[in-house]
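Enquirer:
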Amino acid sequence: MAPTGYDLGLGLSEEHLALADSVRGFADRHLNADVRRAAVDAKAESLPPFWGELAGQGLLGLHVPEEHGGQGASLLELAVALEVLGRAAQPGPLLPTVLASALLVAADAKAGAELLPGLADGSRTAGVGLADPLDGRETGSEVTVSGSTVGVLGGAVADVLLLPVRLSSGVRWVVLDKADLKVREQDSMDVIRRCALVEAVDVVVPAERVLDRLPAERVRSIAAVIFGAEAVGVASWCVSTAAEYAKVRVQFGRPIGQFQGVKHKCAAMGIELERARAVVWDAARALDSRAEPAAADFAAAVAGVVAPDAAVRCGADCIQVLGGIGFTWEHDAHLYYRRALTLRGLLGRSSEWTDSVARYALSGVTRPVAIDLPEGSEAIRESVRAELAEIAELGPDEQLVALGDGGWVQPHLPRPYGRDAGPLEQVVIGEETKRAGIQMPELLMGGWAVPPIVAYGTEEQKQRVVVPTLRGEVVWCQLFSEPGAGSDLASLTTKAERVDGGWKLNGQKIWTTVAQFSDWAMLIARTDPAAPKHEGITYFILDMATPGVTVRPLREATGSALFNEVFLDDVFVPDDCVVGEINDGWTVARATLSSERVALGRGNASYPTLADLLRFAAGRDLDATAIHRIGEFVCENQVLDLLGARTVLKQLSGADVSTTSSVGKFLSMRFGQQIAEFCLAELGVAGAVAVKGQPSDKWMDQVIACRAMTIYGGTTEVQLNVIGERMLGLPRDADR
Numbered sequence: 026m027a028p029t030g031y032d033l034g035l036g037l038s039e040e041h042l043a044l045a046d047s048v049r050g051f052a053d054r055h056l057n058a059d060v061r062r063a064a065v066d067a068k069a070e071s072l073p074p075f076w077g078e079l080a081g082q083g084l085l086g087l088h089v090p091e092e093h094g095g096q097g098a099s100l101l102e103l104a105v106a107l108e109v110l111g112r113a114a115q116p117g118p119l120l121p122t123v124l125a126s127a128l129l130v131a132a133d134a135k136a137g138a139e140l141l142p143g144l145a146d147g148s149r150t151a152g153v154g155l156a157d158p159l160d161g162r163e164t165g166s167e168v169t170v171s172g173s174t175v176g177v178l179g180g181a182v183a184d185v186l187l188l189p190v191r192l193s194s195g196v197r198w199v200v201l202d203k204a205d206l207k208v209r210e211q212d213s214m215d216v217i218r219r220c221a222l223v224e225a226v227d228v229v230v231p232a233e234r235v236l237d238r239l240p241a242e243r244v245r246s247i248a249a250v251i252f253g254a255e256a257v258g259v260a261s262w263c264v265s266t267a268a269e270y271a272k273v274r275v276q277f278g279r280p281i282g283q284f285q286g287v288k289h290k291c292a293a294m295g296i297e298l299e300r301a302r303a304v305v306w307d308a309a310r311a312l313d314s315r316a317e318p319a320a321a322d323f324a325a326a327v328a329g330v331v332a333p334d335a336a337v338r339c340g341a342d343c344i345q346v347l348g349g350i351g352f353t354w355e356h357d358a359h360l361y362y363r364r365a366l367t368l369r370g371l372l373g374r375s376s377e378w379t380d381s382v383a384r385y386a387l388s389g390v391t392r393p394v395a396i397d398l399p400e401g402s403e404a405i406r407e408s409v410r411a412e413l414a415e416i417a418e419l420g421p422d423e424q425l426v427a428l429g430d431g432g433w434v435q436p437h438l439p440r441p442y443g444r445d446a447g448p449l450e451q452v453v454i455g456e457e458t459k460r461a462g463i464q465m466p467e468l469l470m471g472g473w474a475v476p477p478i479v480a481y482g483t484e485e486q487k488q489r490v491v492v493p494t495l496r497g498e499v500v501w502c503q504l505f506s507e508p509g510a511g512s513d514l515a516s517l518t519t520k521a522e523r524v525d526g527g528w529k530l531n532g533q534k535i536w537t538t539v540a541q542f543s544d545w546a547m548l549i550a551r552t553d554p555a556a557p558k559h560e561g562i563t564y565f566i567l568d569m570a571t572p573g574v575t576v577r578p579l580r581e582a583t584g585s586a587l588f589n590e591v592f593l594d595d596v597f598v599p600d601d602c603v604v605g606e607i608n609d610g611w612t613v614a615r616a617t618l619s620s621e622r623v624a625l626g627r628g629n630a631s632y633p634t635l636a637d638l639l640r641f642a643a644g645r646d647l648d649a650t651a652i653h654r655i656g657e658f659v660c661e662n663q664v665l666d667l668l669g670a671r672t673v674l675k676q677l678s679g680a681d682v683s684t685t686s687s688v689g690k691f692l693s694m695r696f697g698q699q700i701a702e703f704c705l706a707e708l709g710v711a712g713a714v715a716v717k718g719q720p721s722d723k724w725m726d727q728v729i730a731c732r733a734m735t736i737y738g739g740t741t742e743v744q745l746n747v748i749g750e751r752m753l754g755l756p757r758d759a760d761r
């Protein structure tokens, strides 16, 4: 099993996993605690002892074209390596050297031919500055540079420095030899890898070392990916260190990871790690693909917001979980926290990145998330498209029958109820039905009812309820939750007693969506009160027209009544409505709550989306705080879309998706809620009373309705427990 915090990392392909394993082996051999501590104790920064091996491994030139002595890989491959190395908090000028070579590759300048071979083979090192530009004046084809700049990463051990210079035509990056400059190591937050102050006095830079075709925005974008990848590695170390400590540190007779305060903090760290991985992965892909420049820079700006902040939060929370030991000089936790703070600081103010994202989005710049399907998809697509074309020609009612009987509605199910479709075919079907304009039947809770009946039900049950459900003819509800159980389904008290020909049920269910309109219900009841908590439960299907079933709508805070109480008074359920084995209903119920379906898309269309927010913001006079908040929403929306894409890609590769999908579910639960609250607050008085010409009613209603988002389907607190236990391996609560 991979160490906690690694998961699949930034890369998802087999090649990326192999690369990560190789780099991890290098780090295990060369980047131990003694190497870090030697760098901390050194009076001045120097090349680390593993520099030659680093170059020999090909890591310095991973992304450099082969004609310049590199490996010819992409920025994403470099990011994969940097994440792993970031977990080791490596000393030395690796980061500025690979950033400099990445910028030279992007600039496609003559300087690249001169400098890239040396940067790739380790014979030349580089420093990079991203802070205030030096002053420059153009004299013919040359540039004369003077002034000073701070925070030059790797400056003290660099052979060449890539620095910004302000010219009359704008800011340009130039390559300078260290020998022509005055370089002084600075007192740095990062005590392993330090920064320098660089001063220049009338240094003449030849034309070939002025990177004319490298816009400042692209420099920021490439830096965001490279710094962000290392930030992901830092966050990964912090998550795994905190989680492993929480498993073994005992207080009050229990591992501290069992206490929800600690478990939820660790889970929140894991969520930050997944957010950061998703955005850095996408930004690297965007820059590699030569996407529309604005869209690529947008993706990088999102990474510039999310990844450094995630590393800082994880660093701080790691120290908090460790407690006193984490605040000692001897423990490495503060070194990673320092590294995270430095990465964020060198990239510039977080607020500037966030505002940049907001302005991109408000001006219509986006980066739609697309899934690159593997080989074999086109053959599947051709077959699927041909079959769906015939269905598209049918009338609406005939279409529903054809979709249901053809296995298209839930294609992951076995035939004849599905199509035995693997993840790839499911994705193709989803894309092709949308392309053909075919509307699938809205199953609502029926989508949860069908999989367990197909898996555990009799053939008669499948014909009786599965077939009409897939045709959209049957409405289902779920009778699981009870007043005293809530999310703890195994604590149910509804009883089923054996009678002639079936069972007599008594009890109460609650929070039952659309029960007042339902034809059938999924129901679990206790058939053996003496059995342990998760045993002695049987799964039934219930005809809602059965005598003794009373549905009482619950008026919600919105004033509507979507949820219901359902009372069961001596309700007779025949034996042919038992699904699976008697007393083994928990197994069947779990099939209700999970399936092999590939989840395409996200969220509930009835709740606010980013599109709603941008429509609300259009034409409004937004202050700086509002613009910043919109930038945060745009970043979170991109995170959610990317987590969905990564979940699908993991499923396509056969990997476990529980971590990414759980994180996506948690984040999406609160997203619409926060948008509604923001829009209502921006309305001011119009958010408290209906004002003509303002969308008052819409947002007043949405704010109240959205309160349910973090409650139903398992509260956010329950989701944090799930993430902490399943993603990080933290111990379950003592009473479970």
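Residue numbering for the sequence shown follows the numbering used here, starting at 26 and increasing by one per position.
Beta carbons are placed, not taken as given, at the ideal position from N, Cα and C, and that holds for glycine.
Please list, in chain order, all residues of the same chain as Gly97 whose beta carbon is under 6 Å from its beta carbon, the five residues on each side excluded.
Expert: For Gly97, where only same-chain residues beyond five positions count, the Cβ hits under 6 Å are Pro90 and Glu91.
Enquirer: Could you please give the first and the last residue of the uninterrupted alpha helix (DSSP H) stretch that includes Asn531?
Expert: Not the alpha helix (DSSP H): Asn531 falls in the beta strand (DSSP E), residues Gly527 to Lys534.
Enquirer: If I follow the unbroken beta strand (DSSP E) through Gly14, where does it start and stop?
Expert: Lying outside 26 to 761, the shown extent of the chain, residue 14 is not represented and no answer is given.
Enquirer: Using the Cα positions of Thr741 and Phe691, report the straight-line distance between them to the nearest angstrom.
Expert: Cα to Cα, Thr741 sits roughly 6 Å from Phe691.
Enquirer: At what residues does the alpha helix (DSSP H) containing Tyr737 begin and finish?
Expert: Per DSSP, Tyr737 belongs to no alpha helix (DSSP H) and is neither H nor E.
Enquirer: Assign Lys487 to one of three DSSP states: helix, strand, or coil.
Expert: Lys487 falls in the helix class under three-state DSSP.
Enquirer: Output yes or no for whether 7 Å exceeds the beta carbon distance between Arg551 and Ile535.
Expert: Against a cut-off of 7 Å, the Cβ pair of Ile535 and Arg551 comes out as no contact.
Enquirer: Starting from Ala336 and walking both ways along the beta strand (DSSP E), at which residues does that stretch end?
Expert: It is not in any beta strand (DSSP E) - Ala336 instead sits in the alpha helix (DSSP H) that spans Pro318 to Leu347.
Enquirer: Measure how close the beta-carbons of Asp525 and Asn608 come, nearest whole angstrom, since I'm counting them as under 8 Å.
Expert: No, Asp525 and Asn608 are not in contact; Cβ-Cβ is about 19 Å, not under 8 Å.
Enquirer: Beta-carbon within less than 6 Å of Asp322's beta-carbon, same chain only, minus the 5 sequence neighbours each way: which residues are those?
Expert: Result list for Asp322: Glu242 and Ser246, in chain order.
Enquirer: Going by CA-CA distance only, name the one from Gln451, Asn746 and Gly471 that's closest to Ile396.
Expert: When each option's Cα is compared against that of Ile396, the closest is Gln451.
Enquirer: Please work out which residues of its chain come closer than 7 Å, Cβ to Cβ, to Ile652, disregarding the five sequence neighbours upstream and downstream, and give them in chain order.
Expert: Around Ile652: Asp380 and Ala383.
Enquirer: In whole angstroms, what is the alpha-carbon distance linking Pro318 and Thr150?
Expert: C-alpha separation (whole angstroms): 29 Å.
Enquirer: What three-state label does DSSP hand Gly195 in the structure shown?
Expert: Strand.
Enquirer: Would you tell me roughly how many angstroms separate the C-alpha atoms of Trp528 and Gly472, rounded to the nearest one?
Expert: Roughly 26 Å between the two C-alpha positions.
Enquirer: Work out the CA separation of Phe352 and Leu755 for me, nearest whole Å.
Expert: Their backbone Cα atoms lie some 23 Å apart in a straight line.
Enquirer: Out of curiosity, what's the CA-to-CA distance linking Val287 and Lys272?
Expert: Going from the Cα of Val287 to the Cα of Lys272 covers about 10 Å.
Enquirer: Rounded to the nearest angstrom, what separates Leu638 and Thr735 at their Cα positions?
Expert: Rounded to the nearest angstrom, the two C-alpha atoms are 20 Å apart.
Enquirer: Please list the terminal residues of the continuous beta strand (DSSP E) segment that includes Cys502.
Expert: It spans Trp501 to Leu504 - the beta strand (DSSP E) in which Cys502 sits, taken as one unbroken run.
Enquirer: Quick test of the definition: if touching needs 3 or more C-beta pairs under 8 Å, does the segment 78-85 touch the segment 132-149?
Expert: Yes, since at least three Cβ pairs between the segment 78-85 and the segment 132-149 fall closer than 8 Å, the two stretches touch.
Enquirer: From Val500 to Gly689, what does the alpha carbon distance come to, in whole angstroms?
Expert: C-alpha separation (whole angstroms): 28 Å.
Enquirer: Looking at Asp160 and Arg191, is the spacing between their C-beta atoms short of 7 Å?
Expert: Cβ distance < 7 Å, so Arg191 and Asp160 count as in contact.
Enquirer: Go through its chain and collect everything with a Cβ distance to Gly34's Cβ below 6 Å, but skip five positions before and after it.
Expert: So the qualifying residues of the chain are Ala45 and Glu108.
Enquirer: Tell me whether Arg580 is buried or exposed, calling it buried when 16 or more other Cβ atoms sit within 10 Å of its Cβ.
Expert: By the 10 Å Cβ count, Arg580 comes out exposed.
Enquirer: Quick check on Arg19: buried or exposed, where buried means 16 or more other Cβ atoms within 10 Å of its Cβ?
Expert: The structure shown does not extend to residue 19, since the chain spans only 26 to 761, so no value can be given for it.
Enquirer: Can you tell me whether Asp594 is buried or exposed, with buried defined as 16 or more other CB within 10 angstroms of its CB?
Expert: So Asp594 ends up on the exposed side.
Enquirer: Which word fits Ile281, buried or exposed, when buried means at least 16 other C-beta atoms lie within 10 angstroms of its C-beta?
Expert: Per the 10 Å Cβ criterion, buried.
Enquirer: With a threshold of 16 other CB atoms inside 10 Å of the CB of Asp357, please say whether the residue is buried or exposed.
Expert: With 16 or more other Cβ atoms within 10 Å, it is buried.
Enquirer: Taking C-beta to C-beta, are Leu668 and Ala303 nearer than 7 Å?
Expert: Cβ atoms of Leu668 and Ala303: closer than 7 Å.
Enquirer: Out of curiosity, what's the CA-to-CA distance linking Leu674 and Ala232?
Expert: Approximately 45 Å between the Cα atoms of the pair.
Enquirer: From Cys602 to Gln486, what distance separates their C-alpha atoms?
Expert: Going from the Cα of Cys602 to the Cα of Gln486 covers about 8 Å.
Enquirer: For Thr650 and Pro118, I'd like the C-alpha separation in whole angstroms.
Expert: In a straight line, the C-alpha of Thr650 is about 37 Å away from that of Pro118.
Enquirer: Distance check for Gly86 and Cys263, CA to CA, integer angstroms please.
Expert: Taking the straight line from one Cα to the other gives about 28 Å.
Enquirer: Compare the C-alpha of Gln464 against each of Pro448, Pro476, Leu495 and Val574 and name the closest.
Expert: Of the candidates Pro448, Pro476, Leu495 and Val574, the one whose C-alpha sits nearest the C-alpha of Gln464 is Leu495.
Enquirer: Measure from the alpha carbon of Gln727 to the alpha carbon of each residue in Gln744, Gly709 and Gln699, then state which is nearest.
Expert: That would be Gln699, whose Cα lies nearest to the Cα of Gln727.
Enquirer: DSSP three-state label for Ala521, please.
Expert: It is a strand residue.
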